[in-house]
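Visitor: Residue numbers (full-length UniProt numbering), protein chains in the order written: chain A, 1 to 289; chain B, 1 to 289. Backbone N, C-alpha and C fix where the C-beta goes; we use that ideal spot for every residue, glycine too. Below you will find the structure I want to go over with you.
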């Protein structure tokens, strides 16, 4: 077993079909020091048990996925979604406390798409801000950082109305840094002509809650959610974005989160090892500025 | 036959499988006053014959599709591409002169994606600017306007490294307005949080070379190039963008360009009629500010 880059964290989505016990085991076995968890596999074993398992693993906890889905108009469904985010905040605090030293209590937020039948993109975006306004005090009280994740514009209608890092930062600007920040994920923002400037801005404003890397390749698969690749297997130059993240003083783990049917079909230990190898080749050289 | 909106133009791609004669006939028969042509069906009959047929149709010519593919590094392939654009400029001038009064000599440019094996997005973008610098004097001499088309960011790697209207305008800014402008296509830019401000900027700078409308819907089809829809059949609110275009003084035709297998399988006259109906319902109300 050769150790992976000490800053690498495996986001659990990369090995989606592994249960929590398996995910923790293969991550540690591959010499990776940190993991980002998802709510569903945590819920399968229960939060208290998940926290114990995480603690036993010796891994750092780098983020919790995910909260959000904030675009519905006022009503019972919106209230249920906000309450669900309250639970996610508590989970994040519990898991971060259970992880090894260096764990970060970051909850990633995917904003949600246009409500069924709506064409009011500006209104949906305002409702995202409103929801974060409701949740920010509770996150602050729990010591949890909310990370607004801009998703690629191809998901703007059905999944996430926050489409650029600049837009995420504009929303975050209404709230305290350290409570509301942004998730910087190369897959979603690599195409943005303004990406390096916005990463620098995020750094200056203290808003890089989490840095995630994975690669983009074309053709996109039939389900465009699943077109993510090991670092190095696509067209993204990880240098400029990574160096801007590091130059900002970012000292947290760097997650790899890949949605890809082929990778999900790979033995999870093998998938983690390949992730670590891709990361070492494509990302690690840029982590030491 | 009820007349379509007097500003509607049918981009020939909407009825891709119709030859030039059919495209001209059904467009006129549906009461539409203008057409945007593609190079391939024009080449099939030859430029001189195409110009005669266009003239006989009584239709205005609203744009020629398409030039571009500017991202290759220097070498014979890049030279061939630049030469090919010179031919496209001449075709555009000839066709605009053959169209009915109100025709506009606009050549739409799709920049091209990353060259095979390259990850240098910034370099590819610079080569787009360089190519336009070579072609701008020839376009000016021919009285042709080059319209840089930002394509949706999901095409950034394989088709077009110009991904936002702001980026297109930044490139165009190096050249005279009236020679280099931008193609404003709702499908590609509707998601941009900055879209209305950038359309207003394009108007102020005299850079709206052509305004095109079609709709976005999810799920995207397996081939993401083909996920375009009749106006009104998707989630785009045509109001804000259209009103900003009109408020800028834009007085040209408004094209509908749809890539969609189902629409291509429709009888072309029927497809034009449905396009006209969608346009009348979703776009026309915003054309009279």
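What number of angstroms, rounded off, separates the C-alpha of residue 98 of chain B from the C-alpha of residue 260 of chain B?
Guide: The residue labelled residue 98 of chain B in the question sits at position 98 within the second chain. The residue labelled residue 260 of chain B in the question sits at position 260 within the second chain. Going by the C-alpha atoms only, they are around 29 Å apart.
Visitor: Name the DSSP beta bridge partners of residue 215 of chain A, please?
Guide: Numbered from 1 along the first chain, position 215 holds the residue referred to as residue 215 of chain A. Note: residue 215 of chain A sits in a beta bridge opposite A:229.
Visitor: Answer yes or no: do residue 30 of chain B and residue 272 of chain B have a C-beta to C-beta separation smaller than 7 Å?
Guide: Position 30 of the second chain, counting from 1, holds the residue named residue 30 of chain B. Position 272 of the second chain, counting from 1, holds the residue named residue 272 of chain B. For residue 30 of chain B and residue 272 of chain B, yes; Cβs fall inside 7 Å.
Visitor: Given 8 Å as the limit, is there contact between the stretch 81-100 of chain A and the stretch 39-47 of chain A, that is, 3 or more CB pairs closer than that?
Guide: Three or more Cβ pairs closer than 8 Å define a contact, and the stretch 81-100 of chain A meets that threshold against the stretch 39-47 of chain A.
Visitor: For residue 230 of chain B and residue 274 of chain B, which I take to be in contact (beta-carbon distance under 8 Å), what is that distance rounded to the nearest angstrom?
Guide: As a position in the second chain, residue 230 of chain B is number 230, starting the count at 1. As a position in the second chain, residue 274 of chain B is number 274, starting the count at 1. So it is a contact: roughly 6 Å between Cβ atoms.
Visitor: Are the C-beta of residue 191 of chain B and some C-beta of chain A separated by less than 7 Å?
Guide: For the purposes of this step, residue 191 of chain B is identified with residue 191 of the second chain, where counting begins at 1. So, interface residue.
Visitor: Which word fits residue 134 of chain B, buried or exposed, when buried means at least 16 other C-beta atoms lie within 10 angstroms of its C-beta?
Guide: Within the second chain, residue 134 of chain B is the residue found at index 134, counting from 1. When all chains shown are included, residue 134 of chain B counts as exposed.
Visitor: What's the C-alpha gap between residue 177 of chain A and residue 215 of chain B?
Guide: Counting from 1 along the first chain, the entry for residue 177 of chain A is found at position 177. Counting from 1 along the second chain, the entry for residue 215 of chain B is found at position 215. Whole-angstrom Cα-Cα distance: 38 Å.
Visitor: So, is the C-beta of residue 167 of chain B closer than 7 Å to a C-beta in chain A?
Guide: Your numbering for residue 167 of chain B matches position 167 in the second chain. Closer than 7 Å: yes.
Visitor: Consider the Cβ of residue 282 of chain A: report whether some Cβ of chain B lies at a distance smaller than 7 Å.
Guide: As a position in the first chain, residue 282 of chain A is number 282, starting the count at 1. Not closer than 7 Å to any Cβ of chain B, the Cβ of residue 282 of chain A fails to qualify, so no.
Visitor: Short of 6 Å in beta carbon distance, which residues of its chain neighbour residue 152 of chain B, apart from the five on each side in sequence? Order them along the chain.
Guide: Stepping through the second chain from its first residue, residue 152 of chain B is reached at position 152. Contacts found: 188.
Visitor: Along the chain, where does the beta strand (DSSP E) containing residue 34 of chain A start, and where does it finish?
Guide: Translated into positions along the first chain, residue 34 of chain A becomes position 34. Run containing residue 34 of chain A: 34-38, per the beta strand (DSSP E) assignment.
Visitor: Starting from residue 66 of chain B, trace the alpha helix (DSSP H) in both directions and tell me its first and last residue.
Guide: The residue given as residue 66 of chain B occupies position 66 in the second chain. Where residue 66 of chain B is concerned, there is no enclosing alpha helix (DSSP H), although the beta strand (DSSP E) it sits in stretches over 60-68.
Visitor: Can you check DSSP and say which residues form a bridge with residue 157 of chain B?
Guide: Here residue 157 of chain B is taken as the residue at index 157 of the second chain, counted from 1. None, per the DSSP bridge assignment.
Visitor: Using only the alpha-carbon positions, how far apart do residue 139 of chain A and residue 85 of chain A sit?
Guide: If you number the first chain from 1, residue 139 of chain A lands on position 139. If you number the first chain from 1, residue 85 of chain A lands on position 85. The alpha-carbon atoms of residue 139 of chain A and residue 85 of chain A are separated by roughly 10 Å.
Visitor: Can you tell me where the alpha helix (DSSP H) with residue 189 of chain A in it begins and where it stops?
Guide: The count along the first chain starts at 1 and reaches residue 189 of chain A at position 189. Here the alpha helix (DSSP H) through residue 189 of chain A covers 186-189.
Visitor: Does the beta carbon of residue 218 of chain A sit closer than 7 Å to a beta carbon anywhere in chain B?
Guide: Along the first chain, read from residue 1 onward, the residue named residue 218 of chain A stands at position 218. With 7 Å as the cut-off, residue 218 of chain A counts as an interface residue toward chain B.
Visitor: Helix, strand or coil for residue 146 of chain A? Go by DSSP, reduced to three states.
Guide: To locate residue 146 of chain A, count along the first chain from 1; it is residue 146. In the structure shown, residue 146 of chain A sits in a strand (DSSP, three-state: E or B).
Visitor: Can you tell me whether residue 127 of chain B is buried or exposed, with buried defined as 16 or more other CB within 10 angstroms of its CB?
Guide: Reading the second chain from its first residue, position 127 is the one you call residue 127 of chain B. Residue 127 of chain B comes out buried.
Visitor: List the residues of chain A whose Cβ lies closer than 9 Å to the Cβ of residue 163 of chain B, in chain order.
Guide: Counting from one through the second chain, the residue named residue 163 of chain B turns up at place 163. Neighbours of residue 163 of chain B on chain A, chain order: 153, 191, 192 and 193.
Visitor: Run down chain B in chain order and give the residues with a C-beta less than 8 Å from the C-beta of residue 130 of chain A.
Guide: Translated into the one-based positions of the first chain, residue 130 of chain A becomes position 130. Ordered by position in chain B, no residue passes the 8 Å Cβ test against residue 130 of chain A, which lies about 16 Å from the chain.
Visitor: Is the beta carbon of residue 106 of chain A sitting closer than 7 Å to the one on residue 173 of chain A?
Guide: Counted from its first residue, the first chain places residue 106 of chain A at position 106. Counted from its first residue, the first chain places residue 173 of chain A at position 173. Not a contact, by the Cβ cut-off of 7 Å.
Visitor: Starting from residue 241 of chain A, follow the alpha helix (DSSP H) in both directions and report where the run begins and ends.
Guide: Residue mapping note: residue 241 of chain A aligns to position 241 of the first chain, counting from 1. Here the alpha helix (DSSP H) through residue 241 of chain A covers 238-247.
Visitor: In angstroms with no decimal places, state the Cα-to-Cα distance between residue 77 of chain B and residue 284 of chain A.
Guide: The sequence position of residue 77 of chain B within the second chain is 77, counting from 1. The sequence position of residue 284 of chain A within the first chain is 284, counting from 1. Computed Cα separation, rounded: 35 Å.
Visitor: Run through the DSSP bridge pairs and tell me what residue 272 of chain B is partnered with.
Guide: Translated into positions along the second chain, residue 272 of chain B becomes position 272. Answer is none; residue 272 of chain B lacks a bridge partner.
Visitor: Which whole-angstrom value is the C-beta distance of residue 95 of chain B and residue 51 of chain B, which I expect to be below 8 Å?
Guide: For the purposes of this step, residue 95 of chain B is identified with residue 95 of the second chain, where counting begins at 1. For the purposes of this step, residue 51 of chain B is identified with residue 51 of the second chain, where counting begins at 1. Right, their Cβ atoms sit about 6 Å apart.
Visitor: Apart from the five residues on each side of it in sequence, which residues of its chain come closer than 7 Å, Cβ to Cβ, to residue 239 of chain B?
Guide: Residue 239 of chain B sits at position 239 when you count from the first residue of the second chain. Excluding sequence neighbours, residue 239 of chain B sits near 286.
Visitor: Suppose the cutoff is 7 Å on Cβ atoms and the five residues either side in sequence are ignored; what does the same chain contact list for residue 220 of chain A look like?
Guide: Counting from one through the first chain, the residue named residue 220 of chain A turns up at place 220. Only 227 meet the Cβ criterion.
Visitor: Beta-carbon within less than 6 Å of residue 66 of chain B's beta-carbon, same chain only, minus the 5 sequence neighbours each way: which residues are those?
Guide: Here residue 66 of chain B is taken as the residue at index 66 of the second chain, counted from 1. 108 and 110, listed in sequence order.
Visitor: Just how far apart, CA to CA, sit residue 253 of chain A and residue 102 of chain A?
Guide: Here residue 253 of chain A refers to the residue found at position 253 when the first chain is read from its first residue. Here residue 102 of chain A refers to the residue found at position 102 when the first chain is read from its first residue. C-alpha separation (whole angstroms): 9 Å.
Visitor: What are the boundary residues of the alpha helix (DSSP H) that includes residue 29 of chain A?
Guide: Here the question's residue 29 of chain A lines up with position 29 in the first chain. Looking at the DSSP string, the run of the alpha helix (DSSP H) that includes residue 29 of chain A is 20-29.
Visitor: Which residues bound the alpha helix (DSSP H) around residue 10 of chain B?
Guide: Locating residue 10 of chain B in the second chain gives position 10, where the first residue counts as 1. Counted as a single uninterrupted DSSP element, the stretch harbouring residue 10 of chain B is not any alpha helix (DSSP H) but the beta strand (DSSP E) occupying residues 8-11.
Visitor: Specify the secondary structure class of residue 210 of chain B as computed by DSSP and reduced to three states.
Guide: As a working note, residue 210 of chain B is residue 210 in the second chain. Note: residue 210 of chain B maps to strand in three-state DSSP.
Visitor: Determine contact between the stretch 193-211 of chain A and the stretch 194-212 of chain B, defined as no fewer than three beta-carbon pairs at a distance below 8 Å.
Guide: no
Visitor: Applying the criterion that 16 or more other CB atoms from any shown protein chain within 10 Å of the CB defines a buried residue, is residue 348 of chain B buried or exposed?
Guide: With chain B represented from 1 up to 289, any question about residue 348 of chain B goes unanswered, as that position is not in the structure.
Visitor: Run down chain E in chain order and give the residues with a C-beta less than 7 Å from the C-beta of residue 156 of chain B.
Guide: Note that chain E does not occur in the displayed structure, where the protein chains are A and B.
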